[in-house]
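Peer 1: UniProt numbering puts the first residue of the sequence shown at 1, with every later residue one more than the last.
Virtual Cβ for every residue (Gly too), placed ideally from N, Cα, C.
Let me give you the structure first, and then I'll get to my questions.
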Amino acid sequence: MKSKLSKLKPVFRKGGTVTAATSSGLTDGGSAMLVMSEEKAKKLGFPTDVTVKSWHFSGIDPYPQLLLAPVLGWGPALKKAGLSPKDIDLFEVHEAFAAQVLATLKCLKSQEFFDKYANGNKAVLSEDIDPSKLNVNGSSLAFGHPFAATGGRIVTSLANELRRTGKRNGLVSICAAGGLGGVAVLEHTPSK
């Protein structure tokens, strides 16, 4: 099997590393999410145990950093939530490609990246994220990459995992075409 995977041709550019073996499956999809105040949700009978504590959208020059915009959103989203990376119990980082998560994690620790693309802001991570907290159910490579539903799928996956495990804080990191990124911090409070 390994010998067959290594013979697959790059899909985007000659000499590239993105192949059918290193990409998530592309599928049609769609999602809708109801976002409302806690008061309104309670009035309508919806659960209120998982809330969006903060969010941040960012953009970056798509060439050569097409899918790294979420890196720029981690710091602001965590700051708005009053948290640090160590306070996050679960991370759900979108896997558009197999190397995407690795590139994101590397850039989050790179002061050189932040100097070049984030006006010298401090790198977000000083140490590696505990792998047992990262994409614990596999993310997009395991579930597929449904166009027009990725954000809804990832937020729902994280909310459900926070509920299942009883964990409190989660961070969603999503890259999008054109050098865009979104980051959100979710909070689970089971007593609500």
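Going by the beta-carbon positions, is the gap between Gly181 and Phe91 smaller than 8 Å?
Peer 2: no
Peer 1: With a floor of 3 residues, list each beta strand (DSSP E) that falls wholly inside the UniProt domain "Thiolase C-terminal" (50–187), ordered by position along the chain.
Peer 2: Residue ranges of uninterrupted beta strand (DSSP E) with 3 or more members, entirely inside the UniProt domain "Thiolase C-terminal" (50–187) and ordered along the chain, are 50–59, 90–93, 145–147, 169–176.
Peer 1: May I have the straight-line CA-CA distance separating Lys42 from Val50, to the nearest angstrom?
Peer 2: 12 Å
Peer 1: Of all the alpha helix (DSSP H) runs that stay within the bounds of the UniProt domain "Thiolase N-terminal" (4–39), which reach a length of 4 or more residues?
Peer 2: none
Peer 1: How big is the Cα-Cα spacing for Pro70 and Ile88?
Peer 2: 16 Å
Peer 1: Rounded to the nearest angstrom, what separates Leu5 and Ala103 at their Cα positions?
Peer 2: 21 Å
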